[in-house]
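Enquirer: Residue numbers (full-length UniProt numbering): 8 to 767. We treat Cβ as the ideally placed atom computed from N, Cα and C, and that holds for glycine.
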Ligand code: ADP
Ligand code: ADP
Ligand code: ZN
Ligand code: ZN
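#1: Would you call the region 353-362 and the region 103-112 in contact, with 3 or more CB pairs under 8 Å?
#2: Quick test of the definition: if touching needs 3 or more C-beta pairs under 8 Å, does the region 280-287 touch the region 208-227?
#3: On the CB-based measure, 16 or more other CB atoms within 10 Å of its CB, does residue 42 come out buried or exposed?
#4: So the candidates are 555, 121, 720, 163; which of them puts its Cα closest to the Cα of residue 699?
#5: According to DSSP, simplified to helix, strand and coil, what is residue 448?
#6: Using the three-state DSSP reduction, which class does residue 694 fall into: helix, strand or coil?
#7: Looking only at its chain, what residues have a beta carbon closer than 7 Å to the beta carbon of residue 430, apart from the 5 residues adjacent to it on each side?
#8: Excluding the five sequence neighbours on either side, which residues of its own chain have a C-beta within less than 8 Å of the C-beta of residue 212, listed in chain order?
#9: Taking the alpha carbon of residue 616 as the point to measure from, which residue in 624, 623, 625, 605 has its own alpha carbon closest?
#10: Check residue 15 in the structure and name its three-state DSSP category.
#11: For residue 514, which of 683, 182, 385, 575 has the nearest alpha-carbon?
#12: As a quick check of your reading: which residues have a C-beta less than 5 Å from at least one non-hydrogen atom of ligand 4, in chain order?
#13: If you draw a straight line from the alpha carbon of residue 480 to that of residue 341, how long is it in whole angstroms?
#14: Could you tell me whether the region 400-408 touches the region 362-380, where touching means 3 or more Cβ pairs closer than 8 Å?
#15: With distances taken from CA atoms, which of 56, 253, 20, 24 is nearest residue 437?
#16: If I follow the unbroken alpha helix (DSSP H) through residue 325, where does it start and stop?
#17: What does the shell around ligand 2 hold, if a residue joins when its beta-carbon is under 5 Å from any heavy atom?
#18: Determine which residues share a DSSP beta bridge with residue 422 and list them.
#19: Determine the direct distance from the alpha carbon of residue 18 to that of residue 288, and round the result to whole angstroms.
#20: From residue 348 to residue 125, what does the alpha carbon distance come to, in whole angstroms?
#21: Among all residues, which have a Cβ less than 5 Å from at least one non-hydrogen atom of ligand 1, and in what chain order do they fall?
#22: Just to check my reading of the structure: residue 206 and residue 178 have Cβ atoms closer than 8 Å, yes? What is that Cβ distance to the nearest angstrom?
#23: In angstroms, rounded to a whole number, what distance separates the CA positions of residue 693 and residue 51?
#24: Residue 21 to residue 755, Cα distance in whole Å?
#25: Under 8 Å Cβ to Cβ from residue 421, same chain only, skipping five residues before and after it: list those, please.
#26: What residues are listed by DSSP as bridge partners for residue 474?
#27: What residues does ligand 3 have around it, judged by CB closer than 5 Å to any heavy atom, in chain order?
#28: Starting from residue 747, follow the beta strand (DSSP E) in both directions and report where the run begins and ends.
#29: What does the alpha-carbon distance come out to for the pair residue 11 and residue 746?
#30: May I ask you to list the residues that DSSP assigns as paired with residue 569?
#31: Looking at the secondary structure, which residues open and close the alpha helix (DSSP H) in which residue 193 lies?
#32: Suppose contacts are defined by Cβ-Cβ distances below 7 Å. Is residue 734 in contact with residue 502 by that definition?
#33: Where does residue 268 sit, in a helix, a strand or coil, going by DSSP?
#34: For residue 9, does the count of other Cβ atoms within 10 angstroms reach 16, so buried, or fall short, so exposed?
#35: Please return the same chain residues whose Cβ sits closer than 8 Å to the Cβ of residue 761, not counting the five positions on each side in sequence.
Here you go:
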């Protein structure tokens, strides 16, 4: 690799200086990142960008910040281990602006998350007629403003008693179908201990009083003698309401939440009709609009309405709200409305919303770290986002961006290119310098930037069509479209035009046979590995068993082969009084998970631990079983040859997970696949690999639908469906259908404009 040690003598007031970084695959990386500048980190997927930027710089910043707190505060904060690095200096407070969803609660909206709604509340309380009081009277998150019926949620939940109670059964037989009320469970014991019921009588044969007691509870209450977490009896509805409905659903486990949904129906609140506020707040008008009208207007529309306000007490507040709304529009979110729940935003939308919050702040001297901010953005909107990155820098901040998009790379003052390839073949800085020099560099990124685009020749002929008729969910305007089978179709259009609504919601709901290939976790258990995912672990265990004439269970760390000290976890956690538990590598197995006794059995001269440490590339030739070779070979084919057979799936990046899923699909035919922005996290040269894989799927007789903005993918389609013309209310129509060549002549399409520019 290149020796960057010359750089490290730099002044930590002007540079973030890193020496000897070794997280994950990093090969003792030494690098200096200029402060008060935009640095873009590029490199193929798996080359080590996140390991350097997130696991090293961001973690160290957080750790240093925590060190500044007194011990009693520090003990309550998450613990950050010092990253594997010899020296790191000059990091300022880092803010990571990622794509994780914002807040978990139904009470968080675009308006509350950006604080624009709080300005509007003050506006209504001062300038609206009649005023309902001060500003909290317009907050649906306070008792003063919330609708009394739905408590400010805009929705009411009703328990579906028919689903909840199986009348053919008795309480002892499990008449209560909600899993947490099953016989023997704590809550069930309250019903049993009440003495109100014959536990063996089917509920359908209850007297009217017994039924009322079960569902609503007796009018005069019942004191319970048996000890338990309950002191008095409550009916099924009250209990369910209190335990599962009158609380933030996000505080429940995913499993419980799902069960709750199964036994309840949600409807718009009959009192406020979804407006969340009480009648006094909703009665206030400003220039003829209620605050709920405001919450339902798209950002761009609301800017117009606010611009017309001339009430002396309102002008300044309106101007303040307009400034925030303009930032939302500039970042490509002009199609959202303030009342939109943040839990329904996509990852890219959530990230851009967070960005708006920081742009509004006057902090300087911070380090902002972005994880692929171009996600979800059409090329038309990338330019606007670049301006925001520039503004952050110009305010005196350091901006670090992990990104692959050509247009984002061009905004960099400095580029750090990682490589040369992925995993063990990566982990080095292969180029540092300006974008102009990168274009001439002999690295995967340099080569990709020099390449000229072309549209595909040899368009495939569809084998048939799948129809969508009259779709009108969200912003879709009665969309009817024919989706060809047996070819690669790309759905495109600016952010908010309706692509996900059409494909992932409307179409996917009508075609449950569709296989969604996303980047989400594959069984998040740390015990899953590439070979267990591909279903060859069994064959590997049997090969070991046969070679040694012993039981195959010995070669599983989930079974008889588990290390006797740690039970196959590879680590041990010690509970320390008054302190965070401490996790250390298991001393018996050194993290291998297998008991050392098992390692005496070998196959081809290697123990099970040694075999699982082989990379897929190495392992293909190691096995003799044809099926095993083929499946492990599929890992190499999808470009994951560098993964070891036993690497926990929880450590895989989104792009790596997606390819692993595709590896499992190779060789199948007649399937219908949907991929939503599969280029996320992928370098330009990884996109070639992805396109080859999609071609293979199609050529094997499958239908592939892709939602994308990436021009290389659009130019490679057999068929393009372009939605627009713009986002939100101004979108929701099909503006173009046809081949890439035909798209070049389309007039009413932003996508066409950018494809023409790309082909230059
Ligand atoms: P990039 O951000 O460039 O896509 P990453 O830094 O995420 O790359 O990953 C670099 C390499 O380190 C990959 O091979 C990845 O599988 C590996 N890796 C990432 N996280 C972990 C982890 N927690 N444990 C082990 N290996 C990891
Ligand atoms: P795209 O995938 O093209 O970016 P979407 O299908 O996500 O567009 O969004 C299309 C429109 O539907 C936008 O106006 C968006 O705000 C709206 N929308 C999407 N999801 C929801 C939802 N869960 N609730 C309300 N509106 C939604
Ligand atoms: Zn209500
Ligand atoms: Zn162990």
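Expert: If we stick to the structure as given:
#1: Yes: at least three Cβ pairs fall under 8 Å.
#2: Using a C-beta cut-off of 8 Å, the region 280-287 makes no contact with the region 208-227, since fewer than three inter-stretch Cβ pairs fall below that distance.
#3: A residue is called buried when at least 16 other Cβ atoms come within 10 angstroms of its Cβ; residue 42 meets this threshold and is buried.
#4: Out of 555, 121, 720, 163, 720 has the C-alpha closest to the C-alpha of residue 699.
#5: If DSSP states are grouped into helix, strand and coil, residue 448 belongs with coil.
#6: Collapsing the DSSP output to three states places residue 694 in a helix.
#7: Closer than 7 Å at Cβ, skipping near neighbours: 32, 53, 649, 650.
#8: None.
#9: Minimum Cα distance to residue 616 is reached at 605.
#10: Confidence in residue 15 is poor, its pLDDT being 47 and thus under 50, which makes the residue's placement unreliable; the coordinate value appears in the next sentence. Residue 15 falls in the helix class under three-state DSSP.
#11: Residue 514 has its Cα closest to that of 683, out of 683, 182, 385, 575.
#12: Ordered by chain, the residues meeting the criterion of a beta-carbon within less than 5 Å of a non-hydrogen atom of ligand 4 are 570, 572, 573, 593, 595, 596.
#13: Spanning the alpha carbons of residue 480 and residue 341 requires a straight line of approximately 19 Å.
#14: Two segments are said to touch when three or more pairs of C-beta atoms, one from each, lie closer than 8 Å; by this definition the region 400-408 touches the region 362-380.
#15: The residue from 56, 253, 20, 24 with its alpha-carbon nearest to that of residue 437 is 56.
#16: Looking at the DSSP string, the run of the alpha helix (DSSP H) that includes residue 325 is 322-335.
#17: Going by the Cβ distance cut-off, the answer is 342, 351, 481, 482, 502, 503, 504, 505, 506, 507, 508, 735.
#18: 47, 440, per the DSSP bridge assignment.
#19: Residue 288 and residue 18 have their C-alpha atoms some 57 Å from each other.
#20: Taking the straight line joining both Cα atoms gives about 16 Å.
#21: Those residues are 31, 32, 52, 53, 54, 55, 56, 57, 58, 430, 658, 660, given in chain order.
#22: About 5 Å separates the beta carbons of residue 206 and residue 178, which is inside the 8 Å limit, making them a contact pair.
#23: Answer to the nearest angstrom: the Cα atoms are 6 Å apart.
#24: Each residue's Cα considered, the two are about 48 Å apart.
#25: Result list for residue 421: 40, 41, 44, 45, 46, 47, 439, 440, 441, in chain order.
#26: The partner list for residue 474 (beta bridge, DSSP) reads 489.
#27: Checking every Cβ against the heavy atoms of ligand 3 under 5 Å gives 154, 156, 157, 276, 278, 279.
#28: Residue 747 -> not in any beta strand (DSSP E); alpha helix (DSSP H) instead, spanning 747-750.
#29: Confidence at residue 11 is low in this model, with a pLDDT of 47, below 50, so the placement of that residue should be treated as unreliable; the coordinate-derived value is given next. The straight-line gap separating the alpha-carbon atoms of residue 11 and residue 746 is approximately 48 Å.
#30: BP columns for residue 569 point to 601.
#31: Taken as a continuous stretch (DSSP letters only), the alpha helix (DSSP H) holding residue 193 covers 193-200.
#32: Yes.
#33: In this structure, residue 268 counts as helix in the three-state DSSP scheme.
#34: Below a pLDDT of 50, predicted positions are generally treated as unreliable, and residue 9, at 43, falls in that range; no measurement from the model is reported.
#35: So the qualifying residues of the chain are 385, 386, 387, 718.
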